[in-house]
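Scroll down for the structure; my scribbles are underneath it.
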Amino acid sequence: MARPDKQFVAQTLQKNGRAAAFRKAYARAWDAFEKKYSDSSWWRRKGTRASVVWEYAVQFAIEELGQDVEVVEHHDTVSFIFDGAVLVRLKKADTELKSRNYPTSLAQLFHEPEADLFGFSGYQRTEIVYVLDQYETGIDWLCVVARDGAKVVWHLELESTPSVVETLPLSGAPAASSSADLAQLKKTVADKKQADNENE
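In our numbering, the protein residues as written are 18 to 217.
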């Protein structure tokens, strides 16, 4: 496998509204889960909820992406392949952005750059993960994560629109006075944790 390159993966997922499609798929998945399983609070295993949300998210991602993706079902999972270069799978993650796979040899090898899994060589393998809010009542954050073994090497928020958008001023509209009027930094996991701690 090729070691995932952050800029390349980001550009690949911004093409053709792919990031927006994944965001919509996850939103639809959580909505479907809440409507269909409103009595899930008695479930004993949190893994049951994660499995149900995963099933919906995969199905809705397939619907939202249409012909723009190659969908491969293998080894009891589903991979999404873009442009013959980036392989993505969907996961639930903790606040450290690590998915909690059962530690099978396949789950561990997915994040080993030297391992050639599934017969696909040269693919950049990443995960699109969701993180629940503090009370686990909704999805708080979606992001793309690249790992090397157990270590997260980079992550980026899964935005529904490109992070750089060229805008043209409306006729007669005043020009922005500074770059601060045009952009706002995205919160990182550390920022979100600090804000949660301050609000407690």
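From the three backbone atoms N, C-alpha and C, an ideal C-beta is built for every residue, glycine too. It should be emphasised that the depicted structure is a prediction, and the values quoted were computed from it without experimental measurement.
Distance CB(residue i)-CB(residue j) smaller than 8 Å
i	j	result
R66	W60	yes
V70	K109	yes
Y43	L173	no
R35	L107	no
V145	V105	Residue identity check: residue 145 is Ile in the sequence provided, not Val. Yes.
K23	W171	yes
T112	P21	no
V169	V162	yes
Inter-residue Cα distance where the pair is residue i and residue j
i	j	result
L185	E90	Because the pLDDT at L185 is just 47, under 50, the model does not fix this residue reliably, and the value given afterwards should be weighed accordingly. Cα to Cα, L185 sits roughly 44 Å from E90.
Q7	A27	With the chain running from 18 to 217 in the structure shown, residue 7 is simply not present.
I79	Y147	17 Å
K63	D150	14 Å
A19	G101	12 Å
E153	V103	30 Å
E51	D165	34 Å
F25	Q84	21 Å
I156	H92	27 Å
A49	E72	11 Å
G139	A74	26 Å
Cβ neighbours of residue i in the same chain (closer than 6 Å, five flanking residues each side left out)
i	result
E87	I98
F77	A42, R45, A46
A167	none
L30	A36
Residues that residue i bridges to, as DSSP identifies them
i	result
I98	E87, L104
W158	V148
Q141	V103
D165	K168
K109	Y147
L173	V161
S116	A110
Cut-off 7 Å between Cβ atoms - residues of its own chain near residue i, not counting five sequence neighbours on either side
i	result
Y54	V69
S57	R66
Residue i: CB within 7 Å of a non-hydrogen atom of the ligand PLP
i	result
E144	You won't find the ligand PLP in this model; it holds no ligand whatsoever.
CB contact check: residue i to chain C, cutoff 8 Å
i	result
G83	Looking for chain C here will not work: only one protein chain is present.
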